[in-house]
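Visitor: The structure under discussion is supplied below as structure tokens; questions concerning it will follow.
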Amino acid sequence: MRSLRLVWIYPDLLSTYGDRGNALVLERRARLRGLPAEIVEVNSDQPVPRDGDIYLMGGGEDLPQTLATDRLTADGGLHAAVSHGAVLFAVCAGYQMLGAEFGGAEDQPVAGLGLLDIRSGRGERRAVGEIVADADPALQVPRLTGFENHQGVTRLGPRARPLARTSLGTGNGDGTEGAYAGRVLGTYLHGPALVRNPGLADLLLTWAAGPLPPMPQQAEELAHRLREERLAAVAAHP
Ligand code: GLN
0 MRSLRLVWIY
10 PDLLSTYGDR
20 GNALVLERRA
30 RLRGLPAEIV
40 EVNSDQPVPR
50 DGDIYLMGGG
60 EDLPQTLATD
70 RLTADGGLHA
80 AVSHGAVLFA
90 VCAGYQMLGA
100 EFGGAEDQPV
110 AGLGLLDIRS
120 GRGERRAVGE
130 IVADADPALQ
140 VPRLTGFENH
150 QGVTRLGPRA
160 RPLARTSLGT
170 GNGDGTEGAY
180 AGRVLGTYLH
190 GPALVRNPGL
200 ADLLLTWAAG
210 PLPPMPQQAE
220 ELAHRLREER
230 LAAVAAHP
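Heads up: the sequence shown runs through residues 0 to 237, numbered per numbering that gives the first Met the number 0.
In structure tokens form, the structure reads like this:
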């Protein structure tokens, strides 16, 4: 069986708050089901492979975010992979980069990758803290829990759907959180997002590999404990 290729884009520029954990969780959840998987780390001076199954991008500071966007545009590999149906999961700076534009370090508009119908700019206040959001019912993913730390606010165009509606935290800034279209999905959630939300991890794996065999029950215990602990913490201190 061909190994599932998980491509972690530019860890040298985009990897705040342990977002690399998203790649580790996808690899683990695939392997626990007997699906071979490998993580390919691509630094910003290396070409982006076009034959990956799931591409992952993390958060980043303002300047690395602009640099990463320029390099990905020049490289073209990510665009080629997405146009061939690869899954793309991006967090925070990575999420903003997917859109038509985002706010740069001096608040100037910077052209994004144009892979998702969103636009971001800088908001009045930095959004920092826990976030809880209910995912679009069409995705069949349980309530999302995460951590956010961003200045940007994001507006969705007609070709993107909100990933979720926030019940705590800022997300996109208008009561929604994240966005998706086809197999491209972005979110402000750190945590890392896929560690706290195994349902979201499984959605991405399903998009890439089709219906998944069940996971061994005992392997879910730690993930459940983390979710319960985080959701209980915000319920106790709203
Ligand atoms: N630089 C972006 C912002 O502040 C993204 C930050 C991040 O990835 N944590 O909005």
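Cβ atoms here follow ideal geometry from the backbone N, Cα and C, with glycine treated the same way. All figures in this text were calculated on a predicted structure; none of them were measured in a lab.
Cα-Cα, which of Pro48, Thr169 and Asn42 is closest to Arg57?
Guide: For the purposes of this step, residue 57 is taken as residue 58 along the sequence shown, with counting starting at 1. The amino acid occupying residue 57 in the given sequence is Gly; Arg does not appear at that position. Of Pro48, Thr169 and Asn42, the residue nearest in Cα terms is Asn42.
Visitor: Measure the CB-CB distance between Arg28 and Asp201 and report whether it falls below 8 angstroms.
Guide: Taking the sequence shown and counting its residues from 1, the one referred to as residue 28 is at position 29. Taking the sequence shown and counting its residues from 1, the one referred to as residue 201 is at position 202. Yes, the Cβ-Cβ distance between Arg28 and Asp201 is below 8 angstroms.
Visitor: Compute the distance between the beta-carbons of Gly51 and Ala85, then report whether it is under 8 angstroms.
Guide: By one-based count along the sequence shown, residue 51 stands at place 52. By one-based count along the sequence shown, residue 85 stands at place 86. Yes, these two residues count as a Cβ contact at 8 angstroms.
Visitor: With Tyr179 as the anchor, note down where its beta strand (DSSP E) starts and where it stops.
Guide: By 1-based counting over the sequence shown, the position of residue 179 is 180. Taken as a continuous stretch (DSSP letters only), the beta strand (DSSP E) holding Tyr179 covers Thr175 to Ala180.
Visitor: Quick one: measure Cβ to Cβ for Val194 and Val24, integer angstroms, because I've assumed they're closer than 8 angstroms.
Guide: Taking the sequence shown and counting its residues from 1, one reaches residue 194 at position 195. Taking the sequence shown and counting its residues from 1, one reaches residue 24 at position 25. That pair is a contact at about 5 angstroms.
Visitor: Which stretch, first to last residue, makes up the alpha helix (DSSP H) that contains Asn148?
Guide: In the sequence shown, the residue the question calls residue 148 occupies position 149. Per DSSP, Asn148 belongs to no alpha helix (DSSP H); it is in the beta strand (DSSP E), Leu143 to Leu155.
Visitor: May I ask which residues mark the beginning and end of the alpha helix (DSSP H) holding Met0?
Guide: Working through the sequence shown from its first residue, we reach residue 0 at position 1. Taken as a continuous stretch (DSSP letters only), Met0 belongs to no alpha helix (DSSP H), as it is neither H nor E.
Visitor: With a floor of 3 residues, list each beta strand (DSSP E) that falls wholly inside the region 66-116, ordered by position along the chain.
Guide: 86-90, 100-102 and 108-110
Visitor: If you follow the beta strand (DSSP E) that Val183 is part of, which residue opens it and which one closes it?
Guide: If you number the sequence shown from 1, residue 183 lands on position 184. Note, Val183: beta strand (DSSP E), Val183 to Thr186.
Visitor: Val267 to Gly172, Cα distance in whole Å?
Guide: Within the shown structure, residues of the chain are numbered from 0 to 237, placing residue 267 beyond reach of any answer.
Visitor: If we ignore side chains and look at the alpha-carbon of each, how far apart do Asp116 and Gln139 end up?
Guide: Residue 116 sits at position 117 when you count from the first residue of the sequence shown. Residue 139 sits at position 140 when you count from the first residue of the sequence shown. Their backbone Cα atoms lie some 22 angstroms apart in a straight line.
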